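Take a look at the structure below.
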Amino acid sequence: MKHDAHSAQVSASPAALWEEATRLIEAGELRRLSLAFARFVDSLGPVAPPVLLAALVLSELEGHGHSCLQIADLAHDPAALLGWTREGWQALAGTVAPLPKNAKAWAAQLAACEQVWQVEEFDYGAPLVFDGERLYLRRYWRDETLVANSIRARAAASHPVASHEVRGWLDLLFASQRAQEKPDWQKLACAVALRGSVAIITGGPGTGKTYTVARLLALLFAVAPDAARQRIALAAPTGKAAARLKQSIDKALNELAERVGDKLKLRELTGRMGAARTLHSLLGARPDSRAFAHHAGNPLDVDVLIVDEASMVHLEMMASLLDALPPGATLILLGDKDQLASVEAGAVLGDLCHDAQAGGYSAHTAAYVLAASGEELPPAYLGSAGPLAQQTVMLRHSRRFGGPIGQLALAVNAGEAPAAEAVLRGGGEGALRWIEGAHQHQVVSLALAGYQPYLELLRAGPAGGHEDWVRAVLQRFEAFRILCAVREGEWGVSGLNTAIEASLQAAGLLRRTGEWYVGRPVMVTRNDYGTRVFNGDIGLTLGDPARPGSLRVYFLEGDEVRSVLATRLRSVETAYAMTVHKSQGSEFRHTVLVLPEDRHGILTRELVYTGITRASAEFTLVTPNGTVLAEAVARRTHRASGLRHLIER
Numbered sequence: 001m002k003h004d005a006h007s008a009q010v011s012a013s014p015a016a017l018w019e020e021a022t023r024l025i026e027a028g029e030l031r032r033l034s035l036a037f038a039r040f041v042d043s044l045g046p047v048a049p050p051v052l053l054a055a056l057v058l059s060e061l062e063g064h065g066h067s068c069l070q071i072a073d074l075a076h077d078p079a080a081l082l083g084w085t086r087e088g089w090q091a092l093a094g095t096v097a098p099l100p101k102n103a104k105a106w107a108a109q110l111a112a113c114e115q116v117w118q119v120e121e122f123d124y125g126a127p128l129v130f131d132g133e134r135l136y137l138r139r140y141w142r143d144e145t146l147v148a149n150s151i152r153a154r155a156a157a158s159h160p161v162a163s164h165e166v167r168g169w170l171d172l173l174f175a176s177q178r179a180q181e182k183p184d185w186q187k188l189a190c191a192v193a194l195r196g197s198v199a200i201i202t203g204g205p206g207t208g209k210t211y212t213v214a215r216l217l218a219l220l221f222a223v224a225p226d227a228a229r230q231r232i233a234l235a236a237p238t239g240k241a242a243a244r245l246k247q248s249i250d251k252a253l254n255e256l257a258e259r260v261g262d263k264l265k266l267r268e269l270t271g272r273m274g275a276a277r278t279l280h281s282l283l284g285a286r287p288d289s290r291a292f293a294h295h296a297g298n299p300l301d302v303d304v305l306i307v308d309e310a311s312m313v314h315l316e317m318m319a320s321l322l323d324a325l326p327p328g329a330t331l332i333l334l335g336d337k338d339q340l341a342s343v344e345a346g347a348v349l350g351d352l353c354h355d356a357q358a359g360g361y362s363a364h365t366a367a368y369v370l371a372a373s374g375e376e377l378p379p380a381y382l383g384s385a386g387p388l389a390q391q392t393v394m395l396r397h398s399r400r401f402g403g404p405i406g407q408l409a410l411a412v413n414a415g416e417a418p419a420a421e422a423v424l425r426g427g428g429e430g431a432l433r434w435i436e437g438a439h440q441h442q443v444v445s446l447a448l449a450g451y452q453p454y455l456e457l458l459r460a461g462p463a464g465g466h467e468d469w470v471r472a473v474l475q476r477f478e479a480f481r482i483l484c485a486v487r488e489g490e491w492g493v494s495g496l497n498t499a500i501e502a503s504l505q506a507a508g509l510l511r512r513t514g515e516w517y518v519g520r521p522v523m524v525t526r527n528d529y530g531t532r533v534f535n536g537d538i539g540l541t542l543g544d545p546a547r548p549g550s551l552r553v554y555f556l557e558g559d560e561v562r563s564v565l566a567t568r569l570r571s572v573e574t575a576y577a578m579t580v581h582k583s584q585g586s587e588f589r590h591t592v593l594v595l596p597e598d599r600h601g602i603l604t605r606e607l608v609y610t611g612i613t614r615a616s617a618e619f620t621l622v623t624p625n626g627t628v629l630a631e632a633v634a635r636r637t638h639r640a641s642g643l644r645h646l647i648e649r
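Each residue of the sequence shown is one higher than the last, beginning at 1 in full-length UniProt numbering.
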């Protein structure tokens, strides 16, 4: 039994808490799941109402992407984290008064509860885990601990490296690198990644992450004791990101193959890697289950695993990935630490390379980098930031994103709203546009112009081969996209898709005859291993030339076209507009970002930055007024997590 003194505190009825929580649910401010979880905790035995309140808040925060609840936030005021007004929080908290007065009092109350187990006496039967500063749902504590322990061990491990051999290959692989700011972070990243069991390469658009990894792949084969037996796998969170990764790397490897010539049979070696896969496919996801075929007892058959778009990898997936990775294998994570974190709980990449900007490289790392790559680390990046920092490299020079869109992204990322507004209003020689005081019909007008090219080609029909025509239609569709910050309402995905669809039909650009119709773009919302389509994949509905009257959904993977009968796709939604979250891993020639009035703190700097960096040539911002952008740029995403603390401990 825990503290007997606690028994006197559990007599108060939680009825008032349940009543106020139900009111919040009806107002759309609280998930039903959060109330259900708190009731579940209450059903396990006597529990003080303040602990039930903590359980309810913890569950609700999980829906906002937080992996834990900081006790200091609970003691102060978690309204901002929940997206509530202070009055809303006070109304809920008032139902269990008196509340513990401070974090120390909250900790004592939680430690005394039978349903809450402290880390040192952890029991898998308890739904809640308390580590003295943070309260966790049991599975998130398990996942966070697994990731921290694995990353810490991998960062501390080192591989023997012959610096002179590495230097020779890097000089060859980067021989055509044009003059740039020193040091050459791409070359340096390859050297760093080679010496450990984990490496993180982060950087914004155009900094050359896949360019770097292509050279790293060649280097891995070049220095392997038996290159033909080197098992390297490529993966990404979504099918589109996986296809783009393989396409980019293949292009870079073809160029490298000419340079290395007979010194390394690069085409033959890389041809054995196979296609890049989604993480779900790589791990062997099982339908209707959170379990995977690969785990610690049945590890992946790889020596090196490269994961792109790592900012999209949520905590549970990263834990599963690390659990399935053999101890001797190397994990290389690629991603932009400043992009939006995953939709689900956790901000793993952001936690792992939080201080990448500063470097913090030790004298030992600097000496190794100089010997292996010939690159000298500037004094500003030296320090003693810990083992993981020694295996993290931030690419800092953008080669293709230096124009107006790049300037806008940099200003937003730096939190400089006036500078961002000035760049937008300058127009960037037609690359930028800002529509303030907008109405929904203006977004619909943009959609009519943006989607007209693919619809006209669709209406014209094939002039030659059917597959070439399908590829061209898909490529035209992929040139334009409307991105939303929210799902519901007239500024959200749901409202805009309905309005755009109706407008395109009224303009005679498409003919809707039912749920499925020729020209309908769809996004897959659930992994389907039977049809090999995955959450986030986007395809177009077109006629089936082999079966007149039938419709198929065509997907573009790199330059390859594949299709699935429309009737076999059950978890899809129309996709003229999509959320910024779902757009990660994609790039569009013209991107339209729609920001609504923000009443719940959902608009953040990271969301705006991610939306901007999906555009390659044109970017349009649509806002209801001129203040929305500044408010979003001023607000940073904060996700409660203990991962950095656990790694450093």
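The beta carbon of each residue, even a glycine, is placed where N, CA and C say it ideally should be. Values in this document were obtained by computation on a predicted structure and should not be read as measured data.
Per-residue DSSP class, three states only, for residue i
i      : result
Cys484 : strand
Pro49  : helix
Ala38  : helix
Arg649 : coil
Gln9   : Note that Gln9 has pLDDT 48, beneath the 50 cutoff, so the model's placement of it is unreliable and no number is given.
Thr392 : strand
Val161 : coil
Phe477 : helix
Thr212 : helix
Gly203 : strand
Gln505 : helix
Ala222 : helix
Gly196 : strand
His66  : coil
Ser289 : coil
His590 : strand
Gln247 : helix
Glu560 : strand
Close beta carbons around residue i, own chain, < 8 Å, minus the five adjacent residues each side
i      : result
Ala366 : Glu376, Leu377, Leu382
Arg605 : Val412, Asn413, Gly415, Ala632, Val633, Ala634, Arg635, Arg636, Thr637
Leu172 : Arg259, Val260, Lys263
Leu269 : Phe221, Ala227, Ala228, Gln230
Thr22  : Leu35
Val561 : Glu467, Val470, Arg471, Leu474, Tyr554, Phe555
Contacts around residue i, its chain only, beta-carbon distance under 7 Å, and the 5 residues preceding and following it disregarded
i      : result
Glu631 : Asp598, Leu603
Ala148 : Leu643, Leu646, Ile647
Thr95  : Ala16, Leu17, Glu20
Leu146 : Ala319, Leu322, Asp323
Gly543 : Val518, Leu551
Cβ-Cβ separation, residue j to residue i (assumed contact under 8 Å), whole Å
i      : j      : result
Val369 : Leu74  : Contact flag wrong, Cβ pair sits at about 44 Å.
Leu458 : Gly519 : 5 Å
Leu305 : Ala293 : Going by Cβ atoms, the distance from Leu305 to Ala293 rounds to 16 Å, so no, they are not a contact pair.
Cys113 : Val57  : Their Cβ separation, rounded to whole angstroms, is 15 Å, which puts Cys113 and Val57 out of contact at 8 Å.
Ala191 : Ile201 : Rounded, the Cβ-Cβ distance is 12 Å, inconsistent with contact.
Ala593 : Ile612 : Here residue 593 turns out to be Leu, not Ala, going by the sequence shown. 7 Å between Cβ atoms; contact.
Asp308 : Ala236 : 5 Å
Val313 : Val223 : Contact flag wrong, Cβ pair sits at about 28 Å.
Residues that residue i bridges to, as DSSP identifies them
i      : result
Asn298 : His295
Pro521 : Leu540
Thr513 : For Thr513, which the question treats as bridged, DSSP gives no partner whatsoever.
Leu135 : Leu69, Phe130
Arg433 : Thr620
Val572 : Val524
Leu551 : Gly543
Arg277 : Ala235
Gly335 : Thr202
Trp185 : DSSP output for Trp185 lists no bridge partner at all.
Close beta carbons around residue i, own chain, < 6 Å, minus the five adjacent residues each side
i      : result
His66  : Arg639, Ala640
Asn497 : Thr574, Tyr576, Ala577
Ala38  : Leu52, Ala55, Leu56
Asp143 : Leu315, Glu316, Ala319
Glu557 : Ala243
C-beta neighbour in chain B for residue i, strict 8 Å
i      : result
Ser163 : No chain B appears in the structure shown, which is made up of a single protein chain.
Specify whether the stretch 620-631 and the stretch 276-291 touch according to this definition: at least 3 beta carbon pairs, one from each stretch, less than 8 Å apart.
In this structure the stretch 620-631 does not lie against the stretch 276-291, because fewer than three pairs of beta carbons, one per stretch, are closer than 8 Å.
Measuring CB atoms only, is the stretch 527-540 touching the stretch 204-223, in the sense that at least three cross pairs come out at less than 8 Å?
In this structure the stretch 527-540 does not touch the stretch 204-223; the number of beta carbon pairs closer than 8 Å is below three.
Contact between the stretch 445-459 and the stretch 473-491: three or more CB pairs below 8 Å?
Yes, the stretch 445-459 touches the stretch 473-491.
Is the number of C-beta pairs between the stretch 148-159 and the stretch 195-212 that are closer than 8 Å three or more?
Yes, they touch.
Quick check: the stretch 322-340 against the stretch 297-304, are at least 3 beta-carbon pairs closer than 8 Å?
Flag = yes, the stretch 297-304 and the stretch 322-340 touch.
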